[in-house]
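In the numbering used here, the protein residues as written are 601 to 1153. We put the CB at the ideal spot given by N, CA and C, even for glycine. Heads up, the thing below is written out as structure tokens.
Structure, rendered in structure tokens:
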């Protein structure tokens, strides 16, 4: 019994990622990219080396809630894992939020920011969760323009000094529902000291944050989303005590176990209205733009990590006389996953590009319309892809993929949250329909896709162009016909939205593949485009609603 299987290893996550390097070369001016390359390489080394080893060693450490001290005082202190403490310092020093607000690279600052996060977040145990909400809170405060809160909070949220850096929570989910936040029961009441909140928040991530944005219903306001207001809360007072907040328990979750997700009771929590006393859901729109973009990028870097480990393992694992990397069936399986990752990567970064242009106010009218549609499409499409890819990647390790102390099962467990948080696939599909209903968004997507498909010159890409065009036309015909039956539109919204998302991915892949061929980066992206086409981009099919009702009755 002398044999021991070598585990998978990671190298520099920048140098080893041809897709990222090619993409950055295409979208960033040469001088800008050259100026950032040392930073990318440093973080790539950290992500594949020390931080990855730290992550493996920190596997069993999870947040712990201490509700009482030795003398019977209620303290509600959450102790996070050692890796999370390291991640907070790294996030501040490296500007993992700040880069987007320093705007040193104009409307490409978001690309810079998310490239940095892409390189290290897979090794930080979903520390991207508080960073996403911190980023969303900063953008919300800026967009809503409350000068006092901007002066108070923004310097902390965008700080590069770990001593002054704050993270933010986003407390919207209650027992009444996650997606239908119009059912929010938290009451806001005036007091001599200001507004106070009373209610229960059933699911609050980043509970250790210094502040949060949350929803409450001011007394006297009507029901539904219109009657809600968005409130700013600092979690602790000057004395260090919690601000009318009790932490009832930490949630026992399938994945993201390093994230201190808690159930809170707000009992007289001092809060400040951010933008008036109504329209809270509408005022949360900027936060959702940002956090859904983080979600899509999280799917991209999670797929990348799973496949990097699977590819390396395939070279080290010998079965039936040869490494798995030489077995045609194994190669074919991983190839299908790589194509999904390539498409998801480009779609996620497309959402990043549009967010950056919108913030820098360089977006055209067409791009503003496009952003409304691409953001929910990117979130929902990559959210489904990452669950499929990580599941198959874990399976590719055989039994080792099922054993917790290899660290591999966490890939799948953590990925599952990405199709749920910030709206399930079904909810995002309905958001896609709402974005279309405002007019012009679908036409903008079609025009943008056609331009990208039009870049193809190589004969090897022609089948991809034809498949994408056919899929777009079928989607257009379906939605026009389905509009005659509202129930049919809703029932088919998921298949329609995934078809749009996957087809747009194929268009982005075609464009990038032609650029790679023209600029000496080889035919790998063309192979990814062809494989994504074969995996299937057209998911539209007429389904009998009566059959569906029968099946679930």
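Original post:
Across which residues does DSSP place residue 771 in a beta bridge pair?
Top reply: 814
Original post:
CA-CA distance, residue 622 and residue 628?
Top reply: 10 Å
Original post:
Which residue's Cα is closest to the Cα of residue 1112: 1090, 1073, 1051?
Top reply: 1051
Subject >> Ordered list of beta strand (DSSP E) runs contained in the segment 806 to 855, each at least 3 residues >> reply: 811 to 818, 829 to 834, 845 to 850
Subject >> Residue from 614, 942, 815, 648 with nearest C-alpha to residue 1124 >> reply: 942
Subject >> Distance between beta carbons of residue 808 and residue 680, contact taken as under 8 Å >> reply: 6 Å
Original post:
How many angstroms separate the CA atom of residue 869 from the CA atom of residue 875?
Top reply: 18 Å
Original post:
Quick one: what's got a C-beta closer than 7 Å to residue 818's C-beta in the same chain, skipping five residues either side?
Top reply: 788, 829, 877
Original post:
Among 659, 661, 611, which residue has its Cα nearest to the Cα of residue 641?
Top reply: 611
Original post:
Whose C-beta lies closer than 8 Å to the C-beta of residue 987 among residues of the same chain, with five residues either side of it excluded?
Top reply: 1012, 1015, 1016, 1018, 1019
Original post:
residue 938: buried (16+ other C-beta within 10 angstroms of its C-beta) or exposed?
Top reply: buried
**OP:** Given a cut-off of 8 Å, decide if residue 770 and residue 736 are closer than it, judged by their beta-carbon atoms.
**Re:** yes
Subject >> Helix, strand or coil at residue 1121 [DSSP, three-state] >> reply: coil
Original post:
residue 923 and residue 914 look like a contact to me (Cβ under 8 Å); what is the Cβ gap, rounded to whole Å?
Top reply: 7 Å
Original post:
Is the segment 1020 to 1034 touching the segment 962 to 982, taking contact as three or more C-beta pairs under 8 Å?
Top reply: yes
Original post:
Looking at residue 955 and the ligand MG, is the gap between the Cβ and the nearest heavy atom below 7 Å?
Top reply: Inclusion of the ligand MG in the displayed structure is not the case, the ligand content being empty and no account of it being possible.
Original post:
Between residue 1139 and residue 1098, what straight-line distance do the alpha-carbon atoms span, to the nearest angstrom?
Top reply: 7 Å
Subject >> Length-filtered (4 minimum) alpha helix (DSSP H) runs lying within the segment 1061 to 1087 >> reply: 1062 to 1082
**OP:** Could you tell me which residues DSSP pairs with residue 678 in its beta bridges?
**Re:** 665
**OP:** Tell me whether residue 801 sits in a helix, a strand or coil according to DSSP, three-state version.
**Re:** strand
Subject >> Where residue 867 falls: helix, strand or coil (DSSP) >> reply: strand
Subject >> Beta-carbon proximity check, residue 734 vs residue 757, cutoff 8 Å >> reply: yes
Subject >> Neighbourhood of residue 976 by C-beta distance below 6 Å, restricted to the same chain and skipping five residues each side >> reply: 1028, 1031, 1032
Original post:
Does DSSP classify residue 901 as helix, strand or coil?
Top reply: helix
**OP:** Measure from the alpha carbon of residue 1059 to the alpha carbon of each residue in 1008, 605, 1117, then state which is nearest.
**Re:** 1117
Original post:
Once you ignore the five residues that flank residue 963 on each side, which residues in its own chain have a CB closer than 6 Å to its CB?
Top reply: 957
**OP:** Using the Cα positions of residue 561 and residue 1067, report the straight-line distance between them to the nearest angstrom.
**Re:** Within the shown structure, residues of the chain are numbered from 601 to 1153, placing residue 561 beyond reach of any answer.
Subject >> C-beta contact flag for residue 1069 and residue 1053 at 8 Å >> reply: yes
Original post:
Closest to residue 960 by CA distance: which of 1107, 702, 1106 is it?
Top reply: 702
**OP:** Report all residues from its chain with a CB closer than 7 Å to the CB of residue 1082; omit the five preceding and five following residues, and keep chain order.
**Re:** 1088, 1089, 1092
**OP:** Give a yes or no on contact between the segment 789 to 800 and the segment 662 to 675, applying the rule of three or more CB pairs nearer than 8 Å.
**Re:** no
Subject >> Nearest to residue 626 (by Cα), restricted to the options 1146, 1108, 827 >> reply: 1108
Original post:
So the alpha helix (DSSP H) residue 789 belongs to, where does it begin and stop?
Top reply: Premise fails: residue 789 lies in the beta strand (DSSP E), 787 to 791, not in any alpha helix (DSSP H).
Subject >> Close Cβ partners of residue 925 (< 6 Å) along its chain, the five nearest in sequence each way excluded >> reply: 914, 915
Subject >> residue 933 to residue 1136 span [Cα, whole Å] >> reply: 15 Å
Subject >> alpha helix (DSSP H) runs contained entirely in the segment 977 to 1037, provided each spans 4 or more residues >> reply: 1009 to 1015, 1025 to 1037
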